[in-house]
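Protein chains in written order, with the UniProt record's numbering: chain A, 1 to 477; chain B, 1 to 477.
We put the beta carbon where it would ideally sit given N, CA and C, even for glycine.
Notes follow once the structure below has been shown.
Okay, structure coming up:
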């Protein structure tokens with residue numbers, strides 16, 4: 001490492017606010033792909049992204065995410081034992097505003113800060129190469145005063161990415177000026193680009209924070225003003241920094257590519273060496289995975305017969321394929337997707353159709369995450385419903401009341417502190433609590449291990465909206 | 001109707017002992033296709049078969065089934081309000097032995113009896129045409145002294161069926177002598193057969209009981225002897241007639257086609273007019289169903305996008321298909337099958353593979369049927385398991401004890417009579433019983449409506465084999 005990289009920390013800005021439907025049914029609006037365990041490691045791409053920028057040479061990460069995802073971000077960071085500044089966007093305003101916020105945060109820590117902006121939903125198998133490339137990009141950005149794009153070597157003439165034409169070399173370390181910046185091309189054009197040595201625009205950037213602010217001021221001042229206003233009026237809320245909604249809402253919806261990169265004369269591109277995928281479809285996911293002898297990627301409870309070049313994945317339910325080629329089959333406990341690798345990009349259209357059909361599976365996961373833990377329905381019938389509930393250590397559900405159902409709670413793991421009409425009782429594994437209709441009750445895990453219980457609801461109506469929340473430590477309505 | 005049919009009842013013999021894997025995962029060894037709700041009516045093909053032979057002109061049906069299926073047969077008959085003689089095969093010895101038993105049973109009722117032998121797993125949409133054809137066949141069988149095969153008009157050159165070449169007409173009513181009896185042909189031969197007016201052998205027969213006994217005596221005497229011996233030593237067991245295992249086990253394993261039909265000079269064939277399918281594969285099932293505008297058959301919680309000529313069926317879990325053609329997708333709560341219509345016949349091979357892989361889903365259904373009702377697992381985890389249990393009115397589980405688990409029962413429908421260590425208590429909807437480890441307990445539905453309860457098991461081991469059965473009204477071990 002050079003003196004530059006040793007003395008100046010890189011400030012990671014992880015953009016984790018996107019909602020992803022292209023990997024439905026595993027990724028859904030309520031829990032998009034960056035937070036889902038998609039990888040062999042069992043970790044989410046958000047977790048992998050955080051791990052890549054933790055350690056020597058990196059400052060405390062800034063995570064910019066949507067308010068809806070604050071608890072899962074906090075939970076996954078805690079699981080990794082990593083501390084970060086979590087900035088909450090009250091609404092989605094595209095990448096320019098999010099990056100502006102990240103750049104301003106870093107500049108307030110250190111005027112000379114160099115930022116590394118990373119999408120949380122990309123897959124990069126080669127961690128060491130990635131870190132080395134980032135350091136090269138950071139040096140280039142600082143030395144040449146450039147906004148360096150991490151330019152990926154194309155593995156084929158994809159029409160899914162923007163392309164970058166490298167110009168004159170800036171140094172010996174792989175940094176080049178940008179000669180041209182081309183939007184997603186058609187197939188033929190893409191082939192020309194690949195032949196001419198263009199690079200894919202990965203949407204990851206390295207830049208001096210001050211330079212990004214200058215370029216935003218020049219080309220997208222409304223974005224910069226909104227980001228600055230949102231940060232100035234931001235309020236701390238538990239462990240989060242909540243951007244001011246009115247100020248942030250004024251930011252134009254525009255991507256950093258359109259807002260800055262296509263206009264600035266300070267762009268650079270690093271010819272990266274690491275493998276990369278934005279896993280923008282099940283087929284893209286298939287591409288980066290190791291294949292078996294039949295060219296298949298088989299994950300989970302799967303059995304196939306005479307099947308080739310296919311991606312078959314199941315979370316739980318036995319999933320079988322007979323005599324097919326080039327198909328994608330993805331099974332979750334409440335939804336199954338069957339398509340071809342070629343048509344896998346149309347899953348987004350399917351999800352829109354499912355929304356029109358008012359299918360809850362379109363946007364909601366089977367397992368519903370809450371700040372205190374999660375629950376999932378395991379059975380439902382006439383006048384009853386059964387849920388599996390998991391409460392994190394320290395988790396407390398709201399103080400609540402139901403008008404149409406009684407509840408039986410059987411503790412199967414850990415210890416529950418149950419408050420019923422003001423009386424507090426501890427329940428341990430293999431003990432059951434009864435909550436009559438109309439009682440005021442609260443569930444708390446006072447222990448050090450997760451509390452798991454089976455809830456049997458009995459009554460004339462078991463919908464989620466039969467709940468009166470009297471108090472909630474997570475400030476939910 | 002002629003005088004013959006008016007004065008002589010036809011004795012239906014329904015053969016319902018087969019195990020079917022070709023419609024896996026809906027049909028499994030533990031509950032094969034003839035008992036599963038596959039049809040738009042919501043009824044099983046066994047139920048439809050029984051309904052077709054109930055009413056004017058038909059005697060009380062004889063049902064020949066495997067001992068494993070006795071409770072489901074009794075339950076489905078009771079559901080239809082139909083009484084039948086249920087004969088239990090202690091083991092499968094192919095169709096000759098089963099038909100021999102049926103013929104002997106009918107002959108013991110009436111020496112002149114004419115039998116109608118029907119497979120319980122065939123689909124016949126045209127009930128009135130079917131009945132009329134059966135009466136014609138019965139008349140022909142009685143008048144000409146023939147074993148009449150119900151010969152189906154081919155809808156194409158299928159290689160899945162045996163073919164029959166009709167010879168000289170026996171009468172004006174569609175009965176013909178049999179010129180030739182051809183086993184399953186190759187495609188080219190099948191085309192010739194179809195062009196030459198051959199008929200499919202449906203495996204359904206009509207014959208005078210005495211004639212069948214004579215032909216068995218002539219061509220397969222060991223089969224006849226075994227059937228006679230098994231009937232002579234049969235014992236009544238609850239509502240069933242249990243064939244003698246030693247005698248029946250001596251029957252050669254042979255089909256009626258090989259044992260009698262290819263040898264007898266008394267075969268006839270009726271040119272039937274009804275539509276028919278043996279639903280021997282998902283593709284055969286697809287063939288007989290009505291299609292939508294895209295040529296699809298979509299059943300249950302299904303949503304497709306740009307998909308054609310496909311069969312997509314789901315019992316429960318949302319199942320989606322994007323951009324495919326000619327595929328079969330079948331989803332059950334614990335297993336998913338994806339194949340092409342062309343390859344759907346290979347599901348049998350898949351099931352054999354699943355058995356080799358020791359997957360319980362290969363042969364066991366998610367919902368496990370018992371004489372007292374059914375149960376299904378709805379959740380399982382470390383040291384716990386949750387089941388949904390349904391007990392029929394009057395149903396009584398065995399008196400039992402577990403060494404490794406306690407159980408919580410929450411009644412969600414009906415009334416439970418629970419005996420714990422000799423103390424009997426009634427539990428109603430929204431009441432819960434607790435069964436500590438090691439207690440002796442019994443569950444009984446004393447009411448008039450099904451009892452449904454949620455069972456939460458907690459303990460160090462929740463396997464099915466942790467059960468000591470102390471008493472069982474159904475004489476199970």
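CB-CB under 8 angstroms to residue 396 (chain A), same chain, minus the five flanking residues each way: which ones, in chain order?
Counted from its first residue, the first chain places residue 396 (chain A) at position 396. 372, 442, 443, 444, 445 and 473, listed in sequence order.
Leaving aside the five residues before and after residue 254 (chain A) along the sequence, list all residues of the same chain whose C-beta is less than 6 angstroms from its C-beta, in chain order.
Residue mapping note: residue 254 (chain A) aligns to position 254 of the first chain, counting from 1. Here the set comprises 94 and 96.
Distance, residue 311 (chain B) Cα to residue 297 (chain B) Cα
Position 297 of the second chain, counted from the start, is the residue given in the question as residue 297 (chain B). Position 311 of the second chain, counted from the start, is the residue given in the question as residue 311 (chain B). Roughly 5 angstroms between the two C-alpha positions.
Beta-bridge partners of residue 200 (chain B), as assigned by DSSP
Residue mapping note: residue 200 (chain B) aligns to position 200 of the second chain, counting from 1. Paired residues: B:152 and B:163.
Limits of the unbroken beta strand (DSSP E) element including residue 307 (chain A)
In the first chain, the residue the question calls residue 307 (chain A) occupies position 307. That residue, residue 307 (chain A), is in no beta strand (DSSP E); it is neither H nor E in DSSP.
Is the shortest distance between the beta-carbon of residue 434 (chain A) and the beta-carbons of chain B less than 8 angstroms?
In the first chain, counting from the first residue as 1, residue 434 (chain A) sits at position 434. Closer than 8 angstroms to some Cβ of chain B, the Cβ of residue 434 (chain A) qualifies, so yes.
Answer yes or no: does any C-beta atom of chain A fall closer than 8 angstroms to that of residue 378 (chain B)?
For the purposes of this step, residue 378 (chain B) is taken as the residue at position 378 of the second chain. Cβ-Cβ to chain A under 8 angstroms: yes for residue 378 (chain B).
Neighbouring residues, chain A, relative to residue 381 (chain B) (Cβ below 9 angstroms)
By 1-based counting over the second chain, the position of residue 381 (chain B) is 381. Neighbours of residue 381 (chain B) on chain A, chain order: 388, 412, 413 and 452.
Strictly by DSSP, which residues pair up with residue 378 (chain A)?
Numbered from 1 along the first chain, position 378 holds the residue referred to as residue 378 (chain A). DSSP output for residue 378 (chain A) lists no bridge partner at all.
Output the distance between the C-alpha atoms of residue 209 (chain B) and residue 49 (chain B), rounded to the nearest integer angstrom.
Within the second chain, residue 209 (chain B) is the residue found at index 209, counting from 1. Within the second chain, residue 49 (chain B) is the residue found at index 49, counting from 1. Whole-angstrom Cα-Cα distance: 20 angstroms.
How would you write the range of the alpha helix (DSSP H) that residue 75 (chain A) sits in, first residue to last?
Taking the first residue of the first chain as position 1, residue 75 (chain A) is located at position 75. Unbroken alpha helix (DSSP H) run through residue 75 (chain A): 70–80.
Where residue 338 (chain A) and residue 336 (chain B) are concerned, what is the direct C-alpha to C-alpha distance, given to the nearest angstrom?
Taking the first residue of the first chain as position 1, residue 338 (chain A) is located at position 338. Taking the first residue of the second chain as position 1, residue 336 (chain B) is located at position 336. Going by the C-alpha atoms only, they are around 11 angstroms apart.
Quick check on residue 322 (chain A) - is its C-beta less than 8 angstroms from some C-beta in chain B?
Locating residue 322 (chain A) in the first chain gives position 322, counting from the first residue. True, the Cβ-Cβ gap to chain B drops below 8 angstroms.
On the criterion of 16 or more Cβ atoms from any shown chain inside 10 Å, does residue 14 (chain B) qualify as buried, or is it exposed?
Position 14 of the second chain holds residue 14 (chain B). Counting Cβ neighbours within 10 Å, residue 14 (chain B) comes out buried, since at least 16 surround it.
If you draw a straight line from the C-alpha of residue 160 (chain B) to the C-alpha of residue 185 (chain B), how long is it?
If you number the second chain from 1, residue 160 (chain B) lands on position 160. If you number the second chain from 1, residue 185 (chain B) lands on position 185. Computed Cα separation, rounded: 8 angstroms.
Which of helix, strand or coil does DSSP assign to residue 12 (chain A)?
The residue labelled residue 12 (chain A) in the question sits at position 12 within the first chain. DSSP places residue 12 (chain A) in strand when its eight states are reduced to three.
Please state whether DSSP places residue 2 (chain B) in a helix, a strand or coil.
As a working mapping, residue 2 (chain B) is identified with position 2 in the second chain. Because the pLDDT at residue 2 (chain B) is just 43, under 50, the model does not fix this residue reliably, and the value given afterwards should be weighed accordingly. Looking at residue 2 (chain B) - three-state DSSP - the assignment turns out to be coil, as it is neither helix nor strand.
Which residues in the same chain have their Cβ closer than 6 angstroms to the Cβ of residue 401 (chain B), if we skip the five residues on either side of it in sequence?
For the purposes of this step, residue 401 (chain B) is identified with residue 401 of the second chain, where counting begins at 1. Excluding positions up to five away in sequence, the list reads 440 and 468.
So, helix, strand or coil for residue 251 (chain A), using DSSP?
In the first chain, counting from the first residue as 1, residue 251 (chain A) sits at position 251. Here residue 251 (chain A) sits in coil by DSSP.
Completely contained beta strand (DSSP E) runs for the segment 107–133 of chain B, where each covers 3 or more residues:
114–119
Taking Cβ-Cβ distances below 8 angstroms as the criterion, which residues of the segment 421–446 of chain B are in contact with chain A?
When CB distances to chain A are screened at a threshold of 8 angstroms, the residues of the segment 421–446 of chain B falling below it are 429, 430, 432 and 434, in chain order.
Opening and closing residue of the alpha helix (DSSP H) in which residue 46 (chain B) lies:
Residue numbering aside, residue 46 (chain B) sits at position 46 when the second chain is read from its first letter. That run of the alpha helix (DSSP H) goes 45–52.
Within the same chain, show all residues whose beta-carbon is closer than 7 angstroms to that of residue 448 (chain A), passing over the 5 residues directly before and after it, in chain order.
Here residue 448 (chain A) refers to the residue found at position 448 of the first chain. Here the set comprises 393.
Looking at C-alpha atoms only, which residue of B:86, B:91, B:158 and B:364 is the closest neighbour of residue 284 (chain B)?
Taking the second chain and counting its residues from 1, the one referred to as residue 284 (chain B) is at position 284. Here the closest residue by C-alpha is B:158.
Taking 8 angstroms as the cut-off, decide whether the C-beta atoms of residue 319 (chain B) and residue 301 (chain B) are in contact.
By 1-based counting over the second chain, the position of residue 319 (chain B) is 319. By 1-based counting over the second chain, the position of residue 301 (chain B) is 301. Yes; because the gap between Cβ atoms is below 8 angstroms, this pair is in contact.
Could you give the C-beta distance for residue 125 (chain A) and residue 304 (chain A), rounded to a whole number, given that I count them as a contact under 8 angstroms?
In the first chain, residue 125 (chain A) corresponds to position 125, counting from 1. In the first chain, residue 304 (chain A) corresponds to position 304, counting from 1. Wrong, their Cβ atoms sit about 25 angstroms apart, outside the cutoff.
Assigned secondary structure, residue 387 (chain B) (DSSP; H/G/I helix, E/B strand, else coil)
As a working mapping, residue 387 (chain B) is identified with position 387 in the second chain. Note: residue 387 (chain B) maps to strand in three-state DSSP.
Output yes if chain A places a C-beta closer than 8 angstroms to the C-beta of residue 361 (chain B); else output no.
In the second chain, the residue the question calls residue 361 (chain B) occupies position 361. Proximity of residue 361 (chain B) to chain A, defined by a Cβ-Cβ separation below 8 angstroms, is satisfied.
How far does the beta strand (DSSP E) with residue 392 (chain A) in it reach, from first residue to last?
To locate residue 392 (chain A), count along the first chain from 1; it is residue 392. Here residue 392 (chain A) belongs to no beta strand (DSSP E), and DSSP marks it neither H nor E.
Kindly indicate which three-state DSSP category residue 258 (chain A) falls into: helix, strand or coil?
Against the first chain, residue 258 (chain A) aligns to sequence position 258. In this structure, residue 258 (chain A) counts as helix in the three-state DSSP scheme.
According to DSSP, simplified to helix, strand and coil, what is residue 208 (chain A)?
What you label residue 208 (chain A) is simply residue 208 of the first chain in a count that begins at 1. Here residue 208 (chain A) sits in strand by DSSP.
Helix, strand or coil for residue 373 (chain A), going by three-state DSSP, please let me know.
Position 373 of the first chain, counting from 1, holds the residue named residue 373 (chain A). Shown here, residue 373 (chain A) sits in a strand according to DSSP, grouped into three states.
Less than 8 angstroms between the CB atoms is what I'm expecting for residue 62 (chain A) and residue 102 (chain A), so what's the real figure, rounded?
Working through the first chain from its first residue, we reach residue 62 (chain A) at position 62. Working through the first chain from its first residue, we reach residue 102 (chain A) at position 102. Between the beta-carbon of residue 62 (chain A) and that of residue 102 (chain A) there is about 5 angstroms, and that keeps the pair under the 8 angstroms contact cut.
State the beta-bridge partners of residue 443 (chain B) as determined by DSSP.
Along the second chain, read from residue 1 onward, the residue named residue 443 (chain B) stands at position 443. DSSP lists B:418 as partners of residue 443 (chain B).
Going by DSSP, what residues sit across from residue 105 (chain A) in a beta bridge?
Locating residue 105 (chain A) in the first chain gives position 105, counting from the first residue. Bridge partners of residue 105 (chain A): none, in fact.
Does any residue of chain B bring its CB to less than 8 angstroms from the CB of residue 334 (chain A)?
By one-based count along the first chain, residue 334 (chain A) stands at place 334. Judged by the 8 angstroms Cβ criterion, residue 334 (chain A) is in contact with chain B.
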